[in-house]
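Note sheet for the following structure.
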């Protein structure tokens, strides 16, 4: 451990260039600047590289694009496969495991080794995998890759080690799951069908062994052919040819009948006594038309035929509806006797499975539930009640109920907030669920010792907010808030609604939450902010609305011919936006008829409304339309409950609101914030571009030459130019230049329908990937940032199926966002708008001469400028509600490379300084005369601040490309670290890890890195994601405790940790998938059934399929890929005395069963020997006295 001054003395300036092969590396360590430190600061850094390790912890939500389903009836665990190669294994709440196939191929089918703690998966790349579930993180033990044939169906009989694999060619292969090698026994398609058949039967769509005799294998082909194959005799017992294609087959448990579902919507029941024609043909949803013919129906994709001891059998199937009604929802039909129940689903059915009590297929099944896997949901239907209610799902499967648009992650919350949110949210839960316990109850999970309160907040496209309890790596819904209830519903046909082109006007863009004061702020896509206070009581409230006119006039054209040498600072009034409620709106001059001016995008309810307990809206702030142009979207927001202030900004300027007095304190453009301290010389705009009224992507594109020149330059050659948030259009020849004057007309604007870039957003947000090679230039970085900060916060292709742009336009979209370049790094284009990118309130020093810290607002911009604005806030409660808050002129101005992303404050001992906050008080609670409600503020007192920060503090500032540590109030830059040269930082935060603090960064090229504080020494740099798409970019967030999360798919939240301590404790926190359970005993079949029911129990698959009898399988057909160990190693993997005893007991039972079978065989041999001796003696007596010629 080094002292802070030793770090200063020992480190030398290193090259800012990145190392070869590591595109995201900056300088090797924090670089001390040449500025002398005003005093000797003694800070001991405790974090080292060994404190960090990156790993995934848990994945929440519904599996994206599911494809397969499996259930273990003994262990009672469920597995879901997905199109991206993922496998989710679910048990009781807390038992939730995610596995991923390395190939990423879609999962076609899943098969549990029932009660063995293993799972077989068949993937679209024609590979079989065996997963070991006897460990908390499952791993692949074996893989078998088929080379010449494609896998279509698999079947694994209960308590068998031989897996039947059907292929697209119609052949059936057999795989030993212990060694994962092919058997030499193959059922070829041309042997299965009759030689007289002239056509190929098609792929194998079904395989199952007969419940009556395990030596009989039923093979279903797609064309409608069904064959029962005698495995011992290697011949077909019978063949069925049906005109309609087969989708599935299901046996009756007695093995005398089976049912098939067909493509014409019919169900056929076949009796083994007569296989020439079906015993019964039904069209469950086919009505007889007037002409006497059956109406055509959709295919029945799957059917299950289950028997019950005390009632009629259940027939459950999906599909089969008639074609006559368009737009009908997908259905699951349950036929129980003569009763037919049709359950309509919200999404298409991917797969379903009937859950039964017994794992044996030759016993009465006794179904009790149906698991239905939909495209975007998982439901379980209770079959034991006549109305078939659904079970209440304990898993967080509804994260994507509306597309997620933003996320926030809070670790180590106040312990009382979770019970309060849960108690209020429980009042609004749906009813009508089944009263029985959730049937998927396998595995074990205990609350680990390393847990603390965690909350995840998700914002959605419909304006809803969800609070989730994320403690102990679980996820449970606590409370749901609908922000759309604050506004009036736009009536169709109204001018406001017709012009508002946004499909989701209430979509949540960002949230800000203070857990201590329970004040919650929501930023919406329609440039609105809603402030909520929490109350345990309902109330009648009038929502206060503030309208803000924030639109700087920098879009006006200045031509070089008339203002060649004039600086482009306009009159002060033209750059200062005005609050709508304090100043009269400027009349729109020269604008087309029908353009909007000084109206908000949404209409707030102006009446007294009854609000339930929970979060109650108190204040709505909306930006106004200006001269027919909608307001720019809000890019950043910060709220401080101790100050009673709210600040937000966009590419037009900054607004500070006093939410206690409901007044606007500051509303000005970014340029006016600097005053005389503007670090840039603003030059006139380039003469080559004139704005013109265009639409679509054409106005966002420069010519190819400028793009090529853009990419040929170093991305850091003029970093101070930042990124332009105003689109540029191609030059228009022959148009007259318009001079600018006080009364001069404006150029025609973009059009009164959308804000800049909103037209192109529907295409530009379609899962744009940013490979490393594309992030070297600013073009793709800018495309990402425009969507990330200024346009919209969710992908339209995840929510809307139609899009006006195709995928081939991706490259043009990435190149369509260009910025002007200048030879001078100290000047910027006039057309560039400087956006406010980050804000933070805190106790700091506005000027070098300040002796005591005062409330300040730190402002960061897209050009890398940091401005500190001091404020004067009354401390007494009465004065605070009456006296105005005064905001001083801008003080400190600091510079960094790239857009400023995050601020953090450290004390002189290196500890993190928390922002002042107010202790929560319920404003709707009944008055107590003995205890009047007064504001209680934490860390907001000049005297206490003087004790802790009187000697100054450290300010950590992180931008897209570098991080700096400043000493306040002297403004000395102690350390600077160039984080990346070839990419850019998407997210950065100062977080607490291992009782210390560090700076965590997530880059666009997928790197996650941490830097020590205050020396900015690199601690870890991991290439976590090879590509970063827009979804991950907008939802990635860090939190304390070394944790982070992001939206890995439109329906799933992935949590990760970069803390070594949490990685070490992760095994304890995860649930056990496998628990040693004794296999249920088979029912006693009785003497008559055993005598007449065939020799089902004497079938020896090993004798038939083993290498000795069948030989080795073809090596060219399938390639074995060994895993971590064989089946024996897997069985030994389970630990614990209970597991050992259970396995020993099972082994003894198996040994006793084998001894019993041996004794039976010995007795049978003795009986046969006695019979043979008797017959031989009788024959000898008969032939004893005969002569030779009498034979």
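Numbering (my numbering), first residue to last: 82 to 1272. Beta carbons: idealized from backbone N, C-alpha and C, even for Gly.
Can you give me the start and stop residues for the beta strand (DSSP E) that residue i sits inside?
| i | result |
| --- | --- |
| residue 391 | Segment: none, residue 391 is in no beta strand (DSSP E) and carries neither H nor E. |
| residue 295 | From DSSP, residue 295 is part of no beta strand (DSSP E); its letter is neither H nor E. |
| residue 412 | 412–417 |
| residue 329 | 327–332 |
| residue 553 | Premise fails: residue 553 is in no beta strand (DSSP E) and is neither H nor E. |
| residue 211 | 208–213 |
| residue 591 | 589–595 |
| residue 951 | 946–953 |
| residue 1068 | 1066–1074 |
| residue 921 | 917–925 |
| residue 614 | 609–616 |
| residue 520 | Element bounds for residue 520: n/a, residue is neither H nor E. |
| residue 448 | 448–455 |
| residue 339 | 338–343 |
Would residue i and residue j qualify as a contact pair, given that the criterion is a beta-carbon distance under 8 Å?
| i | j | result |
| --- | --- | --- |
| residue 542 | residue 483 | yes |
| residue 559 | residue 610 | no |
| residue 942 | residue 974 | no |
| residue 1092 | residue 1106 | no |
| residue 601 | residue 683 | no |
| residue 232 | residue 207 | yes |
| residue 1126 | residue 537 | yes |
| residue 188 | residue 149 | yes |
| residue 587 | residue 696 | no |
| residue 1140 | residue 152 | no |
| residue 598 | residue 515 | no |
| residue 968 | residue 737 | yes |
| residue 75 | residue 715 | Residue 75 falls outside the range modelled here, since the chain spans only 82 to 1272, and no answer is possible. |
| residue 389 | residue 395 | yes |
| residue 381 | residue 408 | no |
| residue 1275 | residue 430 | The requested residue 1275 does not occur in the structure, where the chain is confined to residues 82 to 1272. |
| residue 332 | residue 289 | yes |
| residue 225 | residue 213 | no |
| residue 1037 | residue 1071 | yes |
Quick one: what's residue i bridged to in DSSP?
| i | result |
| --- | --- |
| residue 1049 | 1034 |
| residue 1202 | 224 |
| residue 621 | 691 |
| residue 1061 | For residue 1061, which the question treats as bridged, DSSP gives no partner whatsoever. |
| residue 1090 | 1082, 1102 |
| residue 310 | 298, 317 |
| residue 243 | 257 |
| residue 989 | Beta-bridge pairing links residue 989 to no other residue. |
| residue 202 | 191, 210 |
| residue 605 | 589, 609 |
If residue i and residue j are in contact, beta carbons under 8 Å, what's the gap, nearest whole angstrom?
| i | j | result |
| --- | --- | --- |
| residue 1097 | residue 1056 | 5 Å |
| residue 176 | residue 526 | 5 Å |
| residue 440 | residue 195 | 5 Å |
| residue 678 | residue 707 | 6 Å |
Please report the residue range of the alpha helix (DSSP H) in which residue i lies.
| i | result |
| --- | --- |
| residue 433 | Residue 433 -> not in any alpha helix (DSSP H); beta strand (DSSP E) instead, spanning 430–437. |
| residue 1181 | It is not in any alpha helix (DSSP H) - residue 1181 carries neither H nor E in the DSSP assignment. |
| residue 500 | 498–506 |
| residue 1145 | 1141–1150 |
| residue 1114 | 1111–1116 |
| residue 273 | 270–273 |
| residue 753 | 751–755 |
| residue 961 | 958–963 |
Runs of beta strand (DSSP E) wholly within the region 150–183 (minimum 3 residues, chain order): If we require 3 residues or more, the beta strand (DSSP E) runs fully inside the region 150–183 come out as 158–163, 167–171, 177–181.
Runs of 3 residues minimum, wholly inside the region 696–742: which ones carry the beta strand (DSSP E) assignment? You should have 717–721, 726–730, 735–739.
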